[in-house]
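Asks:
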Amino acid sequence: MPRLEWPLHIVRRVVIGVIVLAVLAVAVPLTVNWLGDRRARCGDGVVKMGDDRECVGVTDGSYIFADHLGPVEKKIKAENDQVEKDGDKYVSVAYMTSFTLTEDDSNSEESVRHELEGAYLAQYRHNRGDLSSSPKIKLLIANMGSRAARWEHTVDELIDRKTSDDKLVAVTGLGPSDTQNIDALRRLSDNGLALVASTMTATNIEGIKGLVRVSPTNVDEAYAASAYLKKEQVRRAVVVQDDAQDNYYAKTLGDAFTKVFQDIKGHQLVSDRMSYDSSVPAWRNELRWMPGQLCDLKPEAVFFAGRGKHLTRFLDAIANRPCQNREFMVITGDDTTNLTADDLAHAAESKVRVLYTGLAHPDMWRKDPDSVSPPSARPPTTSTRTARPSWRTTRCSPPPKASRWRRWAT
Amino acid sequence: MTESGTGVGFRGRSGIISLVGECLQLGPADERPVIMLLGPRGSGASEAHGALMEKFGPETPFAYVNLGGEQSLLPRYALALLARQLERKLPRYRRSHFPRLTLGLLASDHQLRMTSLAEGRRNIRRELDAFQEQAEARYGDYLAAFFEVAGGAVGAPDGASTAALALLRDALRRGRRRLPGRKFTSSAAWYGGHPLLRSRDPWEALVELNLWRHDGDEDDQERLDRVLFSALLEDMRSNVRHSFMPRSYLLLLDNSHTEYGRRFLDLLIRARHDDAVVAGADCDPLTVVASSNRWLPRWGPATGDQWPWRLRGPDRASLEDWAEHRPGRDSDDTWWYPLRLRDLNLDEVRIRIELELRQHPGLAPFTRLAPFIHRLTAGLPRAVSQVLELLRHSAVPTEDGAEQDRWLRTLPDRTPREGEDSRALAEAALDHLLHGFDPAQRTALEECAAARDLSIGTRLLGSGDALFGEVRGRWLLQSPGTVTPSLHPWPRRLLLWRLAGRPDDWDAVHELLAEYFRSEGRTVQEMYHRLASERIDEVTGYLVDRFPVVPAAQWISEFNAITAAPNRLGQGGGPLELLAGLAPEEPPEAVTTASVIRELITVRWVWSDPLADPGMRLNDMIADGFNQLSRLRRNDIVALFNEAERYRHWRHPLTLAGEG
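As given, the protein sequences belong to chains A and B, one line each in that order.
Mapping of the first sequence onto our numbering: residues 1 to 410, in sequence order.
Mapping of the second sequence onto our numbering: residues 1 to 660, in sequence order.
1. Should threonine 31 of chain A go down as buried or exposed, given a rule of 16 or more other Cβ atoms within 10 Å for buried?
2. Buried or exposed for glycine 120 of chain B, going by 16 or more other Cβ atoms inside 10 Å?
3. What is the rounded straight-line gap between the Cα of leucine 24 of chain A and the Cα of leucine 35 of chain A?
4. How would you write the range of the alpha helix (DSSP H) that alanine 189 of chain B sits in, first residue to last?
5. Check for me: the alpha helix (DSSP H) holding tryptophan 295 of chain B runs from which residue to which?
6. Examine the Cβ distances between the segment 354-363 of chain A and the segment 123-130 of chain A and report whether three or more of them are shorter than 8 Å.
7. Whose C-beta lies closer than 6 Å to the C-beta of alanine 40 of chain A among residues of the same chain, with five residues either side of it excluded?
8. Which value, in whole angstroms, describes the spacing of the CA atoms of leucine 496 of chain B and phenylalanine 62 of chain B?
9. Closer than 9 Å by beta-carbon distance: list the chain A residues that pair up with arginine 84 of chain B, in chain order.
10. By Cβ distance below 7 Å, which residues in the same chain neighbour phenylalanine 244 of chain B in space, the five residues on each side in sequence not counted?
11. By the 10 Å Cβ neighbour count, where 16 or more other Cβ atoms means buried, how is valine 14 of chain A classified, buried or exposed?
12. Round the Cβ separation of arginine 88 of chain B and aspartate 170 of chain B to the nearest angstrom and send it over; I've been treating them as touching at under 8 Å.
13. With DSSP collapsed to three states, give me the class of cysteine 42 of chain A.
14. For chain A, is any of its Cβ atoms less than 7 Å away from the one on proline 61 of chain B?
15. Thinking glycine 338 of chain B and tryptophan 309 of chain B are a contact (beta carbons under 8 Å), I'd like their distance in whole angstroms, please.
16. Please compile the residues from chain A whose C-beta is within a distance smaller than 7 Å of the C-beta of arginine 92 of chain B.
17. Would a check of beta-carbon distances place leucine 4 of chain A closer than 7 Å to chain B?
18. How long is the line joining the alpha carbons of valine 662 of chain B and asparagine 293 of chain B, rounded to whole angstroms?
19. Determine whether the beta carbon atoms of glutamate 446 of chain B and leucine 499 of chain B lie at a separation below 7 Å.
20. By DSSP, does arginine 326 of chain B sit in helix, in strand, or in coil?
21. What residues are listed by DSSP as bridge partners for aspartate 242 of chain A?
22. Is there contact here, the segment 516-527 of chain B with the segment 566-575 of chain B, by at least three beta-carbon pairs under 8 Å?
23. Consult DSSP for alanine 202 of chain A and reduce its assignment to one of helix, strand or coil.
24. Quick one: residues in its chain with C-beta nearer than 6 Å to the C-beta of tryptophan 299 of chain B, no 5 flanking neighbours on either side, listed in chain order?
25. Would you kindly work out how many angstroms separate the C-alpha atoms of phenylalanine 328 of chain A and glycine 207 of chain A, rounded to a whole number?
26. Taking C-alpha atoms, which residue in A:Val26, A:Asp51 and A:Thr59 lies nearest to cysteine 42 of chain A?
27. If you measure from the beta carbon of aspartate 52 of chain A to each beta carbon in chain B, is any gap under 7 Å?
28. Give me the residue from B:Ser116, B:Leu101 and B:His273 with the minimum Cα distance to aspartate 109 of chain B.
29. Which word fits proline 389 of chain A, buried or exposed, when buried means at least 16 other C-beta atoms lie within 10 angstroms of its C-beta?
30. Taking 6 Å as the line, does the beta carbon of glutamine 478 of chain B fall inside it for any heavy atom of the ligand PLP?
31. Since phenylalanine 229 of chain B meets chain A, which of its residues come closer than 8 Å, beta carbon to beta carbon?
32. Going along chain A, which residues have a C-beta under 9 Å from phenylalanine 244 of chain B?
33. Quick one: is serine 403 of chain A buried, meaning 16 or more other Cβ sit within 10 Å of its Cβ, or exposed?
34. For arginine 13 of chain B, count neighbouring C-beta atoms within 10 Å of its own C-beta (all shown protein chains included) and say buried if the count is 16 or more, exposed if not.
35. Would you report the Cα separation of alanine 135 of chain B and leucine 251 of chain B, rounded to the nearest angstrom?
36. What are the complete beta strand (DSSP E) segments, minimum 3 residues, inside the segment 53-141 of chain B?
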């Protein structure tokens, strides 16, 4: 073997340099990625996304998506830990919706909190309560972000949980009925997860394998509203509808009411639908000039096919209507339950009678029929456990707060 | 101590540095000479070691061993010292190991407890391991223990620079601590195959080494040393076969003319010759630079007639020169490369003074004195340093002039105002140069120095050939190339200065020598000594008679030879005062040939002595004298004109050739 005569200290420096470079070549990208991940990470399974660094993803309750969700998430975390600690067989069910809400969302913080509380109660009952059975259930909380804008990340994260220790089998929640949510449903369905939509009422959500809904459809709600109006001898109505393309709730609700209200007995819509588009910034202005038209058309009822948060704006506009001597009755769908008590109190101040088709569990009809408006009651069509639409009216006082599992918000 | 050996002390020795550089660059198995730096004490050999250390020490494993210490240095101790230094870890290379040598030293260190060879064989490994552990527990590593008994031999060489000293300290300090559990006995197998050992069994061979040391006779001791040297060279060969190891090791042996130094060199040359020529193995990678102030007896008589080598000059020293002149490989003389250290020339003295100015700005007024110092010392490096040191530490008039001339007139008797050495210059210089001569020899030498040809002086003055041989063996004769075996000008001048202090002896010695040359018919030499005896008229008569009968060139030659005579003129004045004292009692009334020649003789006689005319102020007077002579001669006057011109536009010769 030939002698190497290179200066040893130079060779050592070169070798050490090469090793250091090699280590750096591996370590730097890893560190950058780690730092990036750490910077983009909110908690296990939850990352920051978008310009506003919104935390989206899936958590077992260890990460708190919003302060108001803290108490219930802690309980869910405790229950999940207990399931793992007990060592019994378990599977995971995720509750997925938008938990980080902004003004652009139709849901309110209160409504999503109630949904999560309901989900926790169901988990508790299944694991340790009156409905205790096996395997146990871990409840995962999946946040798609405001307007479900990060649904793809969250859905991918859920799909990964199928094969992880979480053993995810089903996803529930899944509202509201808009394009993003329906796309998410399809992706989850394609990956073999069972889907239980809690408050999705849009009629056109069909053909998704593994999806079941526990709420009535908008057609059901339209039937209930129509039946009530006819019972109340209302013959002239008008439909105000949100034309936003991804708002399936509004579209199918308006279509259904238009179809079922008009009949040969003289019930008629006095005008073509009056529409606004909530996807454009000018929707408030569009709602503002509608009262004038309504004064001219003189309908006895206005069927409002739009989100609850739009309804409050609509009611504000009507309150300032030119024909103050004319009273309007506004009837709308179940999304009104997303309004907060303050919203409803504000609506009440407009002295407009507002009725809406709220969702109720069948047991509510059985155990307390008086709490449901009989004229509008209609046998369930989707499943035996499907909630029925029931009347809630408001004039001077807000409706009772929904805090139970069967009180859904859309 | 100087700041930089290569800058000051090693001026004029660049050939040696380049030669060592060449040797270190050779392939590991190539043959290298044992470079001998030869010259009298003070010729700069130790400075050469310091300069080599400074030049190559930072990047080459080196060892410096001074074999001239007062303490005797057995070869085994010298080997341990140099191995320990060569183990120094350098950034460029891996650490060198000397396991065979160390094992050999270990095996021959303590007397083994045994009643039979078989028992010794059984126990030796355990005992050696125990010895090693004891030494390591006490000194850190086994070789470090040798510093206890021989550490004095690694002191810094004279004139070593601070950089060289730092390197040497580093080499001594940074010995390694061996990893625990690693035993030298693992290299025992090599001893089983060594031709000098009878036993083929490694352990029995080590027992044999031990017996040689503790129970053997002189031959056994020598065999042991040969085996140890062979082990060192084998360790080196083994080291340099590996990657990241040096091609060569540098060994600096100072004062190798001492008894133990000669023994060390003998053993080294023999081990190399046995390995590289007799056994046909690769040559060891050792670059040896040894210095000697003596002729080594193994080279035969000091005449050099029986030694195939002729001394080489350091300026053109090179491997090519060595290969061209080295005797055949069958003789172990083939490994020598004797370099005679020459004196500094005028330019080198001048540069040396200028370089000294960096550390000693006080020398600035004396840069003009470079020709004086060169004439006075003939460029012997240590003499130059001593004169500079004296000038630096004395109240010398700094202005060039008569006062300075008067001060310099008695320079040999001057003592430095400060400094460690309070002896007069002549005493200090002679003590150093004649180290080893007893007082009687020194006195005899003072007298013998009166003769230009020292061999005649020693023969006539009864000291015999022994003194001459001693002087020749110490390289104290003027550099080779001169026909007359005369003493080096510097010691001769000092010895004559001492002799001048004994006026009767001075006159008697010169009278004796003059008579001898008269009887031999060598009138010029006779007149040389007559003039030394201040018999100016006699000398004038001779030269006046010769003036019309010999060619001018020959006359000038004889004139120069005679007027180069030493003097014992008074010490009280400058050149002109001295001349005044030599003027005839009755000045001539007219300018005659005799009056001109007499004056010329006295002027040049004073001029020839650098102590009498340090500034060569008499040049113009000599030139005038030759001019006048030319007018008094009818023909053949060009040589006289030329001589006048030579003194009028005097240019100092670079090297001293007996003039001035």
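Quick reminder that beta carbons are idealized off the backbone N, C-alpha and C, glycines included.
If you're wondering where the values come from, they're calculated on a predicted model, not measured in any experiment.
Replies: Working from what's here:
1. exposed
2. buried
3. 15 Å
4. 189-192
5. Here tryptophan 295 of chain B belongs to no alpha helix (DSSP H), and DSSP marks it neither H nor E.
6. no
7. Val47 and Lys48
8. 43 Å
9. In chain order: nothing, as chain A lies at least about 21 Å away.
10. Tyr93 and Arg94
11. exposed
12. 7 Å
13. strand
14. no
15. According to the sequence shown, residue 338 of chain B is proline rather than glycine. The pair is a contact, with the Cβ atoms about 5 Å apart (cut-off 8 Å).
16. Pro7, Leu8 and His9
17. yes
18. In the structure as shown, chain B starts at 1 and stops at 660, and residue 662 of chain B therefore has no counterpart that could be examined.
19. yes
20. coil
21. A:Tyr276
22. no
23. coil
24. Trp307
25. 39 Å
26. A:Thr59
27. no
28. B:Leu101
29. Residue confidence is low: proline 389 of chain A scores 43 on pLDDT, short of 50, so the model does not pin down where it sits. Its coordinate-derived value is still stated next. Buried, because 16 or more other Cβ atoms sit within 10 Å of the Cβ of proline 389 of chain A.
30. You won't find the ligand PLP in this model; it holds no ligand whatsoever.
31. In chain order: nothing, as chain A lies at least about 25 Å away.
32. Arg3, Leu4, Glu5, Trp6, Pro7, Leu8 and Val11
33. Annotation note: pLDDT 24 at serine 403 of chain A (below 50); position unreliable, no value reported.
34. buried
35. 26 Å
36. 62-66
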